[in-house]
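In our numbering, the protein residues as written are 1454 to 1710.
Heads up, the beta-carbon is just placed ideally off N, CA and C, and yes, glycines get one too.
The structure displayed is predicted, hence computed values, not measured ones.
Scroll down for the structure; my scribbles are underneath it.
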Amino acid sequence: QSQQPGPCAHVWCTHSVNLQKLESKPDEKLQLRMKPANFSGPDHLRHLAGRCFKYQDSKYEYVFCPFQNITQEDIQAYYEPYKGILGVWADWVIEDNQFKKMNMIEGSLCGSGMHRSTKVILHCSATSELVSVTEPDKCRYTAKFETPDVCGKNAMAVYPRLPPELQTRWDDAEYDRHYGLLTKKGYQKELEKIFLAAGYYLSPEDRSSLVYKASTDSSKNCKAELMEAKSRINELEEELRMKEEMILEQGAGKKSI
């Protein structure tokens, strides 16, 4: 069954469009632990940013927003159904010179200090849709996303999309490995450095920065909500005081009669 994409706003905001599409508790907020990383990868995938795709199995509804996040909601429970984030866009899993999977990390808390994460595998198809989500390991999910954007031999190739200086570094690494000047492990480490320099991998420093920015925004939102709550409490206290005065005045009037 084809799923129709819907609009997505910037989902690091606590009242983001796609997060509020989960309708069992429209007033509930899903707080992101990390801001999404910047767009990276094949430029022809950029049009997917800002779109969301739904998939339902017998128990859950999933919403996948490429380069943003993936969420899960229990559609069976009637009392306090689970609603959470399975991961926030971070970077790519690259295999055999191909962008193979989208890496979504720092999802909702799961177990003792563990956060949910999802690998989104991309497959060629005539239409764009989220077709499955599984949990092969606890709190570690695998999603399958089909789209015509990945069809074609070089549609997801990494090397042609690298800037010339990084292509040269890869060429040198290939030469050194071929002539035994670089071990297989050393070759893989050099590729990791190349992908990191290209922005296809997220560095630990960048990851920490995105987590920090999300926590800072969350703190600001909490402060704003606290100020709003205090203001409302003051209003209610003033209303209560006025009603008490009215009651006292009415009581005094009855006694005088």
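Which of helix, strand or coil DSSP assigns to residue i
i        : result
Ile-1547 : strand
Asn-1687 : helix
Met-1609 : coil
Ile-1574 : strand
Leu-1483 : coil
Tyr-1654 : coil
Reference residue i, options the options, closest by Cα
i        : options                                   : result
Pro-1601 : Ser-1578, Thr-1587, Pro-1616 and Tyr-1594 : Ser-1578
Pro-1489 : Leu-1655, Val-1516 and Glu-1697           : Leu-1655
Trp-1545 : Ile-1574, Arg-1593, Pro-1616 and Glu-1691 : Ile-1574
Gln-1551 : Asp-1590, Asn-1607 and Cys-1518           : Asn-1607
Glu-1618 : Ile-1528, Leu-1498 and Ala-1650           : Ala-1650
Leu-1485 : Lys-1553, Lys-1696, Val-1664 and Leu-1701 : Val-1664
Leu-1498 : Glu-1533, Lys-1646, Phe-1520 and Ser-1511 : Phe-1520
Span separating the alpha-carbon of residue i from that of residue j
i        : j        : result
Glu-1625 : Asp-1549 : This sequence places Asp at residue 1625; Glu is not what is there. Taking the straight line joining both Cα atoms gives about 17 Å.
Ala-1543 : Ser-1662 : 12 Å
Lys-1507 : Glu-1514 : 7 Å
Ile-1643 : Trp-1623 : One detail in the question is off: residue 1643 reads as Glu in this sequence, not Ile. If you take the alpha carbons of Glu-1643 and Trp-1623, they lie about 8 Å apart.
Leu-1562 : Ser-1570 : 10 Å
Residue j beta carbon less than 9 Å from that of residue i
i        : j        : result
Val-1541 : Glu-1559 : yes
Lys-1536 : Lys-1554 : no
Test: residue i CB closer than 9 Å to a CB of chain B
i        : result
Thr-1580 : In the structure shown, chain B does not exist; there is a single protein chain.
Status (buried if at least 16 other CB within 10 Å, exposed otherwise) for residue i
i        : result
Ile-1538 : buried
Tyr-1653 : buried
Gln-1641 : exposed
Pro-1613 : exposed
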